[in-house]
Amino acid sequence: MSDSPAPLADPHLVFDPVAGDGPRDVVILGSTGSIGTQAIDLVVRNPDRFRVTGLSAAGGRVELLAEQARRLRVRTVAVAREDAVPALREALSTQYGPGEPLPEILAGADAATRLAASECHTVLNGITGSIGLAPTLAALEAGRTLALANKESLIVGGPLVKALAKPGQIIPVDSEHAALFQALASGTRADVRKLVVTASGGPFRGRTKEELANVAPADALAHPTWAMGPVITVNSATLVNKGLEVIEAHLLYDIPFARIEVVVHPQSYVHSMVEFTDGSTIAQATPPDMRGPIAIGLGWPERVPDAAPAFDWSKASSWEFFPLDNDAFPSVGLARHVGELAGTAPAVFNAANEECVDAFLKGALPFNGIMDTVTKVVEEHGTPSTGTSLTVADVLEAETWARARARELTKTQQTQQTAQTVQTTQTAQTNTAEARA
Ligand SMILES: NC(=O)c1ccc[n+]([C@@H]2O[C@H](COP(=O)([O-])OP(=O)(O)OC[C@H]3O[C@@H](n4cnc5c(N)ncnc54)[C@H](OP(=O)(O)O)[C@@H]3O)[C@@H](O)[C@H]2O)c1
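Under UniProt numbering, the letters of the sequence shown match residues 1 to 437, in that order.
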């Protein structure tokens, strides 16, 4: 065994905040999203194992939230948007029968954070974006097991999360990290040679940078193997998601970046692998279905029977592996760079990317403009001075700057693009007029 301190996530360590044989009390943050709804499917099928006590969402889908609340009979419902409360109250009254007590409602920017600290065994953080940092820290501080799908909170606040988390308190839900978690259970830390993170390659696998110049948001949202929320889907198309996952793997398992490899595996059957020093590679494989990793997050160290479908080995299938094209997809290299820099650099990378994805989805930035802009923002940010003494204020300040700078650069690119289009149209009109003359 290695003498170094335990990493953030370790399958050999069990953190059990509440003793007892009954179902685990679970709080689901981001319950109306892709992770949240799949978690609810799992919980509903396993009432003897899990009981949901609280749900949180932004407030965009109050009917669904109210329906979930009634179905699960939760104690508390939280929404980030205060203006969503009247509609939520109405939706709850429609769902609940006369005389049935309605759940408590928490509202406001810190609603998910307050819910994350409430009485329960496990908090599943399925919120999208770095807004998930405060709830992550709150769950850890309150001593809950944290089933972590919201990778952004770890990436932007790595040292903060590390300072709070007890051994075994975090169980990764991202499929790659849940796969590494399970594979790492096969050996000791000292025996690990490298982590191999698989990537589907997204919808644009095999294309050159030039061929990516004019792809549309609808093309980027058509992921070949996974059905996910819009941000992570675009991040899968740029491979920013893989870059974030490399940083996440480094932070969770304390393995240097040089020993974390990325390999493209279009079928998304193998979710990641660990190579041990004796040359053995242990791979975790299932058909792509997030209910498998969610079940690891909610149920560990037990496995939840039939959490997700298994392979049918009576049918032929091909499993392919390719090296990553770093020219067409520079995001993984940039993510390694900001991960090595640490401090506020990962927060800047992530925040600039979130702004650029938003601009791309609105048609205000071309696909390649996402990484070009993020690279520029990261370069301008330079080498952060905070090192390991990162504070929440540092993260927020760096994010605010990165978002504003990304927006400025996006606007400039848009203006240049419009000017270019006008010039091209004028030249074409002049040429046509000359040809006619
Ligand atoms: N989907 C996957 O298969 C997958 C796989 C691996 C990792 N992940 C990670 O899991 C996280 C969630 O992804 P997703 O695909 O499930 O996203 P999603 O479908 O967009 O859902 C996001 C959820 O977060 C809620 N939310 C947004 N802002 C919030 C706030 N301020 N407070 C409370 N809730 C808020 C949304 O509520 P509204 O409905 O009200 O907007 C929604 O319930 C991301 O970090 C992603 O990277 C996802």
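Just so it is clear, CB atoms sit at the ideal spot from N, CA and C, and this is done for glycine as well.
All values derive from a computational prediction rather than experimental measurement.
Partner residues in the beta bridge of Met273, as assigned by DSSP, are Val196, Ala283. Taking the C-beta atoms as reference points, Gly201 is found no nearer than 8 angstroms to Leu334. With a cutoff of 7 angstroms, Ser268 does not count as near ligand 1, since its C-beta is closer than that to no heavy atom of the ligand. By the CB criterion at 8 angstroms, Ala84 and Val62 fall inside the cutoff.
Judged by DSSP secondary structure, Leu341 falls within the alpha helix (DSSP H) whose first and last residues are 331 to 341.
Ser175 and Thr410 have their C-alpha atoms roughly 32 angstroms apart.
Arg24 has its CB no nearer than 7 angstroms to any heavy atom of ligand 1.
For the beta strand (DSSP E) assignment, the uninterrupted runs of no fewer than 3 residues enclosed by the segment 64 to 147 are, from N- to C-terminal side, 76 to 79, 104 to 107, 122 to 125. Counting only runs that start and end inside the UniProt domain "DXP reductoisomerase C-terminal" (287 to 404), the alpha helix (DSSP H) elements of at least 4 residues fall at 291 to 299, 331 to 341, 345 to 361, 367 to 381. Taken through DSSP and simplified to helix, strand or coil, Val18 comes out as coil.
Taking the Cα of Arg24 as reference, the smallest distance to any Cα among Asp110, Ala352, Glu275, Leu146 is reached at Leu146.
Burial is judged here by how many other beta carbons sit within 10 angstroms of a residue's own beta carbon; Asp10 has at least 16 and is buried. For Ala147, the CB stays at least 7 angstroms from every heavy atom of ligand 1.
Distance from the CA of Glu275 to the CA of Phe181, rounded to the nearest whole angstrom, comes to 13 angstroms. The Cβ atoms of Val156 and Pro384 lie no closer than 8 angstroms to each other.
Looking at the DSSP output, Phe50 sits in a beta bridge with Arg24. Under the three-state reduction of DSSP, Val234 is assigned to helix.
For Val378, the closest of Asp358, Leu124, Glu399 by C-alpha to C-alpha distance is Glu399. Beta-bridge pairing by DSSP links Ile171 to Ala147.
The C-beta separation of Val392 from Leu160 comes to about 6 angstroms, placing the pair in contact by the 8 angstroms criterion. For Lys162, the number of other beta carbons within 10 angstroms of its own is at least 16, and it is reported as buried. Contact between the segment 257 to 267 and the segment 188 to 202 is established, with three or more Cβ pairs separated by less than 8 angstroms. For Val240, the enclosing alpha helix (DSSP H) covers residues 240 to 253.
For Asn235, the closest of Asp358, Pro172, Ser280 by C-alpha to C-alpha distance is Asp358. Between the segment 360 to 377 and the segment 207 to 221, the count of Cβ pairs shorter than 8 angstroms is three or higher; the stretches touch. Not a single heavy atom of ligand 1 lies less than 7 angstroms from the C-beta of Arg114.
Under the 10 Å beta carbon count, Ala222 is surrounded by fewer than 16 other beta carbons and is classified as exposed. A Cβ-Cβ separation of about 18 angstroms leaves Gly22 out of contact with Ile28 under the 8 angstroms criterion.
Annotated three-state conformation of Val62 is helix, per DSSP.
A distance below 6 angstroms between beta-carbons, with the five flanking residues on each side excluded, links Leu184 to the following residues of its chain, in chain order: Pro11, Val274.
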